[in-house]
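In this note's numbering, the protein residues as written are 7 to 321. Note that CB positions come from ideal geometry on N, CA and C, so glycine has one too. Just below is one structure, and these are the notes that go with it.
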Amino acid sequence: MSITNIKGNVRAFAPATVANVGCAFDILGFALEQPRDEVVARFTTEAGLSISAVHGDNGRLPHDPQKNTASVAAQAFLTHIGERRGIALEVFKGLPLGSGLGSSAASAVAGVLAVNALFGSPLAKEDLLPFALAGEKVACGSAHADNAAPALFGGFVLIRSAQPLDLIKIAAPEELRCVVVHPHIEVKTEDARRLLQRQITLADAVKQWGNIGGLIAGLYRADYELIGRSLEDGIIEPQRKLLVPGFDAVKRAALDAGALGCSLSGSGPAIFALFAGDQQVQDAAAAMRAAFKSVAIESSSIISRIACDGGGVLA
Ligand code: HSE
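Here you go:
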C-alpha cells in the first residue's frame, strides 16, 4: 500500500458506549457524548510500536503493546498496511475501567483512528472496525462489536452479523436521552461473560426476539413507548444483576422517575436508563444514585444525548 500525507503526530478520540441496550445482547450499542478516551500517535526513532505513557488509569493498564487494547488495535492496522516504522502511543483514559461503558473499545477505536490518521488515512473509517475488534479481544477475551462499532460510527449500531461483519447504523430519535449511573465497583467483562449460561429455552428466546424487533422498530419510528416496552431482557440481566448490589432498587428508582426502560450497560456494573426528553433526567440520576447509596455504594452519573458521530481525529 502506498502511504502519502504522513503527519508528525495525531490525537484521536472515541466515546463511551452502552452495549446490549437491554434485550440485544452482543448485537446493539449506542454512543454517548462523554466521557471519551484519547490516543496520541507519534513517530519515534525506535522501531516498532510502543506505549510511551498511559494517563488516567491509576497505573493499572498494561504498557506492553501486545496487551494494551489501543496498541493491539493499532498494531493490527499497521500489520495490515505493512508499516514497521517506530510509533509511540500515548493513551489518555477518560473512561473508568471495568465500568460497562466500553472502556477497552474506546481505547481500541481511538488507537486505530490515530495510527490511520498518522499515515494520512489510507483506510476509510468504515474499514477500521476489524482492527479495533482485535484490541477488544485482547482486553475482554471476545471480539464482540457492540461497543467498538458505536464508538467508531456513533448513533445506534446493530450488529446483524459478527462474522462476516454486517452493521446497520440507526439514527437515534431526536428526544432520546440516556442516564448512566456508574457504581464505584468493577466488573470485568471477561468474568461477566464467563458466568452466562450457554443454553436458553425456546420460550425465552422468542420473548427476546420480540423485544429486539420492537426496540429496532421503536428506534426507526421514534416511538418512545415502544422503545420502553421493548427494553426488557429476560436472559442476560437476571444472571448478571447478581454482580451489582442494589440493581433492583436502582432500576426501580429509574422507572419511578419516568424512565422508558432501564438495564445493565454492557456487562455492568453501570446501569443505563433511557428517557424521552430532558425533563426527568436530573431527578432520575439523583434517585438512581440514592438507591446505590442505600446499599452503601458510591456512584457517579452521566446524562447524555445519543452521540450522532463516533470517534474522530482532533489534530
Ligand atoms: N455485549 C458485551 C457483553 C458488552 O455484554 O458482554 C460488554 O461491554
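Identified DSSP bridge partners for residue i
i: arginine 311; result: Arg183
i: threonine 327; result: The question about residue 327 has no answer here: the residues shown for the chain are numbered 7 through 321.
i: asparagine 15; result: Arg48
i: lysine 175; result: Val163
i: glutamate 96; result: Val46, Ala59
i: leucine 34; result: Leu164
i: alanine 25; result: Gly35
Residue of the options minimising C-alpha distance to residue i
i: lysine 404; options: Ala30, Ser58, Arg258, Arg311; result: The structure shown has nothing for residue 404, since the chain only spans 7 to 321.
i: proline 5; options: Ala228, Gly106, Val163, Ala79; result: The chain is shown from 7 up to 321; residue 5 falls before or after that span and cannot be answered.
i: glutamate 180; options: Lys247, Ile241, Arg227, Thr85; result: Arg227
i: proline 136; options: Asp152, Ser236, Asn15, Leu261; result: Asp152
i: serine 305; options: Ile312, Cys314, Arg295; result: Arg295
i: glycine 318; options: Leu55, Ala177, Asn122, Ala297; result: Asn122
i: valine 46; options: Leu201, Ala155, Ala18; result: Ala18
i: alanine 112; options: Gly216, Ala157, Ile222, Thr195; result: Ala157
i: glycine 88; options: Arg199, Ala80, Val163; result: Ala80
Alpha carbon of residue i to alpha carbon of residue j, nearest angstrom
i: lysine 382; j: valine 256; result: Within the shown structure, residues of the chain are numbered from 7 to 321, placing residue 382 beyond reach of any answer.
i: leucine 201; j: proline 102; result: 22 Å
i: asparagine 64; j: glycine 141; result: 20 Å
i: aspartate 229; j: serine 236; result: 11 Å
i: glycine 267; j: leucine 95; result: 39 Å
i: valine 115; j: alanine 82; result: 12 Å
i: lysine 299; j: glycine 216; result: 35 Å
i: valine 97; j: valine 16; result: 12 Å
Pair within 8 Å by beta-carbon distance, residue i and residue j
i: alanine 37; j: threonine 23; result: yes
i: glycine 274; j: valine 250; result: yes
i: serine 171; j: valine 163; result: The question names serine, but residue 171 in the sequence shown is leucine. Contact: no.
Contact with chain C by residue i, beta-carbon distance below 8 Å
i: serine 300; result: Looking at the structure shown, chain C is missing, and only one protein chain is on hand.
So, does the stretch 63 to 78 touch the stretch 16 to 36, judging by three or more C-beta pairs under 8 Å?
With a cut-off of 8 Å, the stretch 16 to 36 and the stretch 63 to 78 do not count as touching, because too few Cβ pairs lie within range.
Meets three-Cβ-pair contact criterion under 8 Å: the stretch 175 to 185 and the stretch 273 to 281:
Cβ pair count under 8 Å is three or more, so yes.
Segment contact flag, the stretch 200 to 217 with the stretch 237 to 254, C-beta cutoff 8 Å, min 3 pairs:
Contact annotation: the stretch 200 to 217 touches the stretch 237 to 254, with at least three C-beta pairs closer than 8 Å.
For the structure I just gave you, are there three or more beta carbon pairs, one from the stretch 252 to 271 and one from the stretch 140 to 147, closer than 8 Å?
Taking a cut-off of 8 Å on C-beta distances, the stretch 252 to 271 does not touch the stretch 140 to 147, as fewer than three cross pairs fall below it.
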